[in-house]
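Participant:
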């Protein structure tokens, strides 16, 4: 059973075995004696203790772990032996024996270099980490900030917050990739004193020169010792074959991990930049009315503030990408500062709250289309049997479209300057009736969260038509005020015609007629520009090329081939093949094959 001691080393609390504590104490005392007459002694000792505390922290897995002799020996092996710097030949009694453990090359860590900074030291620190002059890093950062519309300033702020500042001498050595040992700590601090001494008086310069000379003597002595130690290290640190293989494997693993980190960081940064641009463009449409983005307000039937939805979307999507960016930085930068548990749980809470609010907004938006109701407007008119009724669409240069589109809508300003929504979602249906009067039924339909709101939106649809003499003029667009939002507004024009009436649909109605006949609809889109005679639940085309005798006299037999197609007539049977399909007629059977399908009629049925 071993006794443990609690120590405070460089402000960090450790549990340490008593034997290990005594050894560490003798080691530190020996270091202090080696720098008795050195300039900056207190700073050197402070930085050495901070480095030892950092090495201990790397080896401690949890708060209750006790530091033993093994950990102390490992730290001493990294920091170096204090007797190498003694000028009074004192001996460090408990010197750890040289081990065969190979020492890894010093690795750089990313710090902010505030000693050479203009703002936060990020560019200078990246210059040390990447081995590039800080001037080029600053130039690249400036170009990225301008090219991204200033959003890279946000990335700079993230680096400023997350990357630690190089405060201690050990941090500054690690930042440049130099080994953090007693020799380099001493040199770094004395270099700082040398730099300061250049700005003081001549007397201070003389003192500084004396101290530098003493330091040089110590350094020369250290170099002599280093030569001896280097020879021993060459012998003791020979790598085996398997050590080399292990280094190669670890190198490729490290390169792969860094590559993944770069991919994650670029992906996260790109997503955050896009979200920031989206937030400041879409989210402020209600304030500055960005052209082209007003359409978002039109489809917002739930009237949820656009800026609020944009903010929720930014948090819901941006927070995961922020952690993706943070993970990439964590892979690339070993010493990256943690954002802290408070920040992590706060961001998690904001993300969950944003998801819940977006779900509520989505449900509210969907509920605006829960009911579809319609209002009907009818107008009767008289047309004599065998008279011809003409139907055509009326276009409007501002609103109209020659094509029907169920999902298409636009907005524009009317003659009074008011913004309105217009759509070409109009359908024409033709049915036969046994009444003597014809009539036109205009059905206006719209969606709403309940019956009353759907009816109200349907009533607010503006649609115009005109019946004059034997002609029906239908607008090819509908309109409604912008306050009604886009709620799937639709017009269905149902034309009821008595039997024996002849109707002609203008070619501009083709896109508004259904492509087939169904559920009582007796006119299809391929029957425009023809004279159709109304029958019971069907029409008879009076000028359609159903028969093929237009180019032949009765009783002629033969084959005719021209650019219109192929015509064959034999006795009472005929066959015609052209761009409209195939038609075959005989005395008993008629066959018609076209885009509507196959129709077979027999006189026996």
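In this note's numbering, the protein residues as written are 996 to 1600. For glycine and all other residues, C-beta sits at the position ideal for the given N, C-alpha and C.
Assuming residue 1448 is part of the alpha helix (DSSP H), what are its boundary residues?
Facilitator: 1446-1454
Participant: Hey, is the region 1305-1321 in contact with the region 1362-1370, meaning 3+ C-beta pairs nearer than 8 angstroms?
Facilitator: no
Participant: Apply the 10 Å Cβ neighbour rule to residue 1038 and answer buried if 16 or more other Cβ atoms are within range, or exposed otherwise.
Facilitator: The residue is buried, with at least 16 neighbouring Cβ atoms inside 10 Å.
Participant: Would you call the region 1524-1540 in contact with the region 1406-1414, where contact means no fewer than 3 C-beta pairs closer than 8 angstroms?
Facilitator: no
Participant: How about residue 1456 and residue 1433: do their beta carbons lie closer than 8 angstroms?
Facilitator: No, the pair does not count as a contact, with Cβ atoms beyond the cut-off.
Participant: Just the Cα atoms here: how many angstroms apart are residue 1123 and residue 1245?
Facilitator: 24 angstroms
Participant: Please look up how many angstroms separate the CB atoms of residue 1071 and residue 1012, rounded, as I've assumed it's under 8 angstroms.
Facilitator: So it is not a contact: roughly 15 angstroms between Cβ atoms.
Participant: Alpha carbon to alpha carbon, how far is residue 1297 from residue 1008? Give it in angstroms, no decimals.
Facilitator: 58 angstroms
Participant: Looking at the secondary structure, which residues open and close the alpha helix (DSSP H) in which residue 1426 lies?
Facilitator: First-last for residue 1426: 1421-1428, but that is the beta strand (DSSP E), not the alpha helix (DSSP H).
Participant: Is the CB-CB distance between residue 1444 and residue 1363 below 8 angstroms?
Facilitator: Taking C-beta atoms as the reference points, residue 1444 and residue 1363 count as a pair closer than 8 angstroms.
Participant: Quick check: residue 1535 and residue 1487, are their CB atoms within less than 8 angstroms of each other?
Facilitator: no
Participant: Between the region 1327-1344 and the region 1449-1464, do three or more beta carbon pairs fall short of 8 angstroms?
Facilitator: No, the region 1327-1344 is not in contact with the region 1449-1464.
Participant: Does the distance from the C-beta atom of residue 1108 to that of residue 1126 stay below 8 angstroms?
Facilitator: Their beta carbons are not under 8 angstroms apart, which means residue 1108 does not touch residue 1126 by this criterion.
Participant: Residue 1372: which of 1023, 1439, 1024 sits nearest, CA to CA?
Facilitator: 1439
Participant: Applying the 10 Å Cβ sphere with the 16-neighbour rule, what's the burial state of residue 1046?
Facilitator: buried
Participant: From what residue to what residue does the beta strand (DSSP E) around residue 1492 run?
Facilitator: 1485-1493
Participant: Suppose the cutoff is 6 angstroms on Cβ atoms and the five residues either side in sequence are ignored; what does the same chain contact list for residue 1619 look like?
Facilitator: An answer regarding residue 1619 cannot be provided, because it is not within the stretch 996 to 1600 covered by the chain.
Participant: Within the same chain, show all residues whose beta-carbon is closer than 7 angstroms to that of residue 1311, passing over the 5 residues directly before and after it, in chain order.
Facilitator: 1346, 1349, 1350, 1353.
Participant: Following a CB-centred definition, is residue 1067 positioned closer than 7 angstroms to any heavy atom of the ligand MG?
Facilitator: Of the ligands one can find in the structure shown there are none, so the ligand MG has no counterpart to examine.
Participant: On the premise that residue 1482 lies in contact with residue 1417, defined as a C-beta separation below 8 angstroms, what is that separation, rounded to the nearest angstrom?
Facilitator: At roughly 14 angstroms, the Cβ-Cβ gap does not stay under 8 angstroms, so residue 1417 and residue 1482 are not in contact.
Participant: By the 10 Å Cβ neighbour count, where 16 or more other Cβ atoms means buried, how is residue 1574 classified, buried or exposed?
Facilitator: exposed
Participant: Applying the 10 Å Cβ sphere with the 16-neighbour rule, what's the burial state of residue 1152?
Facilitator: exposed
Participant: Go ahead and label residue 1522 buried or exposed: buried means 16 or more other beta carbons lie within 10 angstroms of its beta carbon, across all protein chains shown.
Facilitator: Buried.
Participant: Terminal residues of the continuous beta strand (DSSP E) containing residue 1406?
Facilitator: Run containing residue 1406: 1404-1408, per the beta strand (DSSP E) assignment.
Participant: Mind pulling the beta strand (DSSP E) runs of 3 or more residues that sit fully within the region 1008-1042?
Facilitator: none
Participant: If you draw a straight line from the C-alpha of residue 1306 to the C-alpha of residue 1274, how long is it?
Facilitator: 7 angstroms
Participant: I need the straight-line Cα distance from residue 1253 to residue 1320, nearest angstrom please.
Facilitator: Their backbone Cα atoms lie some 13 angstroms apart in a straight line.
Participant: Taking the alpha carbon of residue 1509 as the reference point, which residue from 1276, 1424, 1060, 1333 has its own alpha carbon closest?
Facilitator: 1424
Participant: What separation, rounded to the nearest whole angstrom, lies between the Cα atoms of residue 1447 and residue 1478?
Facilitator: 16 angstroms
Participant: May I have the straight-line CA-CA distance separating residue 1171 from residue 1105, to the nearest angstrom?
Facilitator: 9 angstroms
Participant: DSSP three-state label for residue 1515, please.
Facilitator: coil
Participant: Output needed for residue 1431: all residues of its chain with C-beta closer than 7 angstroms, excluding positions within five of it in sequence on either side, in chain order.
Facilitator: Apart from the 5 residues on each side of it in sequence, residue 1431 sits with its Cβ closer than 7 angstroms to the Cβ of 1493 in its chain, given in chain order.
Participant: Can you tell me the Cα-Cα spacing of residue 1139 and residue 1004, whole angstroms?
Facilitator: 43 angstroms
Participant: So, helix, strand or coil for residue 1417, using DSSP?
Facilitator: Here residue 1417 sits in strand by DSSP.
Participant: Which whole-angstrom value describes the C-beta separation of residue 939 and residue 1169, a residue pair presumed to lie in contact below a C-beta threshold of 8 angstroms?
Facilitator: Beyond the ends of the chain as shown, which are 996 and 1600, falls residue 939; an answer cannot be given.
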